[in-house]
Amino acid sequence: MESRHSDRGYVPARRPSREDLTAAVDRTIPDVIGPGLTVLFVGINPGLWSAATGLHFARPGNRFWPALHRSGFTPRQLPPSEQETLLGYGLGITNLAARATARADELDAEELVDGARILTEKVRRHRPRWVAVVGVTAYRTGFARPRARFGPQPELLGDAGLWVLPNPSGLNAHFQLPELAAEFARLRVATGQFEAVGGSASDT
């Protein structure tokens, strides 16, 4: 049975069992990263669904993949199982904190601060042009920027431009998919390297 996806999220062929999810606590998953990226997206940390499957933003209802497409970064909506395809578009994924939890608020401030330090070293090594953190609260804590807002940040991370996007988790009720895609599209336009290949988000 093949997996399928829709604007509301990815529907996997096999759902991880309760035992799979329990076993995924504190697990880590590999980055999707390489040299010469235009944008490195930074999740807060893997959820249990992602840790159980080894795929970023894998939980059904997460809007990362639909927002990426609707904003024009990808010509079609990719399922998480095709995450390596992102490298061909000059995109990558990592996480601010490596260990998997059921909820992002299970992380403590020290983990986010340590994660910001590790991310800085990773960015210096791989040299993406832009780093986009998807989660303003985690960014504020990890980088000691308590007043940070969505959008471009005044400082660089290494030599990379720094941007903060809303958390695409389905638990984030402050942003519905159209508004989320519009925030992603602002970043796409700022990179100057992507035409509107995805869908319906405005360039303004």
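Read in order, the letters of the sequence shown are residues 49 to 252 in our numbering. Even glycine gets a Cβ: it sits at the ideal position worked out from N, Cα and C. Model, not experiment: these values are computed from the prediction.
**Prompt:** Mapping DSSP to helix, strand and coil, what is PHE232?
**Reply:** helix
**Request:** Please specify which runs of the alpha helix (DSSP H), each continuous and at least 4 residues long, are wholly inside the region 76-132, giving them in chain order.
**Result:** 96-101, 112-118
**Request:** Can you give me the Cβ contacts of SER250 inside the same chain, cut-off strictly under 8 Å, excluding the 5 residues immediately before and after it?
**Result:** Residue placement at SER250 is poorly supported in this model, since its pLDDT is 48, which falls under 50; the coordinates are not used for a value here.
**Message:** Just to confirm, is the Cβ distance from VAL179 to LEU88 under 8 Å?
**Reply:** yes
**Request:** Under 6 Å Cβ to Cβ from GLY209, same chain only, skipping five residues before and after it: list those, please.
**Result:** TRP178
**Asked** Between the C-alpha atoms of GLY183 and GLY136, what's the straight-line distance to the nearest angstrom?
**Response** 25 Å
**Message:** By the DSSP assignment, the alpha helix (DSSP H) with THR168 in it spans what residues?
**Reply:** 157-174
**Message:** Can you tell me whether ALA196 is helix, strand or coil according to DSSP?
**Reply:** coil
**Request:** Could you check what DSSP says for VAL184 in three-state terms: helix, strand or coil?
**Result:** helix
**Request:** Please classify SER54: does DSSP put it in a helix, a strand, or coil?
**Result:** Residue placement at SER54 cannot be trusted, given a pLDDT of 42 that sits under 50; what the coordinates show is reported in the next sentence. Three-state DSSP puts SER54 in a strand.
**DSSP bridge partner residues for VAL212 (one or two, in chain order)** = VAL181, GLY199
**Request:** State the DSSP-derived secondary structure class of ALA238, mapped to helix, strand or coil.
**Result:** helix
**Asked** Hey, GLY200 and TRP211: beta-carbon distance below 8 Å or not?
**Response** Residue identity differs from the one stated: residue 200 is Pro in this sequence, not Gly. Yes. Within cutoff.
**Prompt:** Do the CB positions of THR76 and ARG147 come within less than 8 Å of each other?
**Reply:** yes
**Request:** Might you give, ordered along the chain, the residues of its own chain that have their beta carbon closer than 7 Å to the beta carbon of GLN125, omitting 5 neighbours on each side?
**Result:** HIS53, TRP113, PRO114, HIS117
**Asked** From which residue to which residue does the beta strand (DSSP E) around LEU139 run?
**Response** 139-143
**Prompt:** What residues match up with LEU205 in a beta bridge as DSSP calls it?
**Reply:** ALA208
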